[in-house]
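Working notes for the structure below.
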Amino acid sequence: MAVAQAAEITAKSPAHRVALVELYSSEGCNSCPPADAWLAKIGAKTNAELVVPLALHVDYWDGLGWKDRFGDHKFTLRQQALADFASSKVVYTPEVFAGGRELRHWNSASAADGAIQAITAQASPADITIKLSPKGARLFDLSASVKLRSDSRQPHSAYVAVYQNKLVSKVAAGENGGVTLHHEYVVRRWLGPFALKDGAVEVQEKIALDSIGIDVPADQIGIVTFVQNGVTGEVLQVARLALNH
């Protein structure tokens, strides 16, 4: 996604689909650190015009010995909603979705690469633009526009996620007790759904870094906007803007 080096920074989705890869994880789960490392790796090695990774920490492990400071019930509900689209009754960690579809064999390079390539080989059905304008110390105006490229009678919604990189947790109890965990692309703020009307929506929000943490460096933060079909659950397109550009 192109980023303009100016007071206002902008990211736009490309002409092809981008794969949104969602990892549902928890610091209380000892099966999750390998998945966390995998997500960090694909984010580091893959062009942002091909893959946008997000780590969403669920809260259903919080009563089992360790409360995940990044856990949010919103993410549990989203994981359950994605499972519902697939008529599945089960959610678990680590669970991965690509483009809104479960990627059960994420730890198989051929399976993961194949799923991502199947998405990115398609023409984009939507255009997304993210604009971020500084409005003061650690305060930004966010404008995110989403527009479908063709008419649709099905409902669609846009979402905005604010993520943070380079996070470290020293886990003192639970399945990962005594382990130091490293996280990338952890969702810290989740906005939406914003319903599209006549195939488009414009989202205007304030992004205050101090609401995430007073010591959060701006260069660890990124903004993701995506559009999802409300009938099928398919994530049609996604764009990412990193503040370190």
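Each number in our numbering comes from the position in the sequence shown (counting from 1) with 114 added on. Ideal placement from N, C-alpha and C gives every residue a C-beta, glycine not left out.
Could you work out which residue in SER259, ALA237, LEU217 and TRP152 is closest to GLU319 when comparing CA atoms only? As a working mapping, residue 319 is identified with position 205 in the sequence shown. It is SER259.
With DSSP as the reference, label LEU164 as helix, strand or coil. Along the sequence shown, read from residue 1 onward, the residue named residue 164 stands at position 50. Three-state DSSP puts LEU164 in coil, outside helix and strand.
Looking at the secondary structure, which residues open and close the alpha helix (DSSP H) in which TRP304 lies? In the sequence shown, the residue the question calls residue 304 occupies position 190. Element bounds for TRP304: not the alpha helix (DSSP H) but the beta strand (DSSP E), 300 to 309.
For GLN278, which residues in the same chain have their Cβ closer than 7 Å to its Cβ, ignoring the five residues on either side in sequence? Numbered from 1 along the sequence shown, position 164 holds the residue referred to as residue 278. Cβ neighbours of GLN278 beyond the five flanking positions: VAL300, ARG302, ILE326, VAL330, GLN334 and ILE335.
For the alpha helix (DSSP H) containing LYS159, list its first residue and its last residue. Start at 1 with the first residue of the sequence shown, and residue 159 comes out as number 45. 146 to 159 is the extent of the alpha helix (DSSP H) around LYS159.
Quick check: the Cα distance between ASP176 and GLY291, rounded to an integer number of angstroms? Stepping through the sequence shown from its first residue, residue 176 is reached at position 62. Stepping through the sequence shown from its first residue, residue 291 is reached at position 177. Rounded to whole angstroms, ASP176 to GLY291 spans 13 Å at the Cα level.
Note down the Cα distance separating VAL352 from ALA287, rounded to an integer number of angstroms. Translated into the one-based positions of the sequence shown, residue 352 becomes position 238. Translated into the one-based positions of the sequence shown, residue 287 becomes position 173. So the two alpha carbons sit approximately 36 Å from each other.
Does GLN268 come out as helix, strand or coil in the three-state DSSP assignment? Locating residue 268 in the sequence shown gives position 154, where the first residue counts as 1. Coil.
Considering just the uninterrupted stretch of the beta strand (DSSP E) at ALA125, what are its terminal residues? Translated into the one-based positions of the sequence shown, residue 125 becomes position 11. ALA125 -> beta strand (DSSP E) spans 123 to 126.
Integer-rounded CB distance, given that GLY228 should sit under 8 Å from LEU134: Within the sequence shown, numbered from 1, the residue matching residue 134 stands at position 20. Within the sequence shown, numbered from 1, the residue matching residue 228 stands at position 114. Incorrect: roughly 16 Å between the Cβ atoms, too far for contact.
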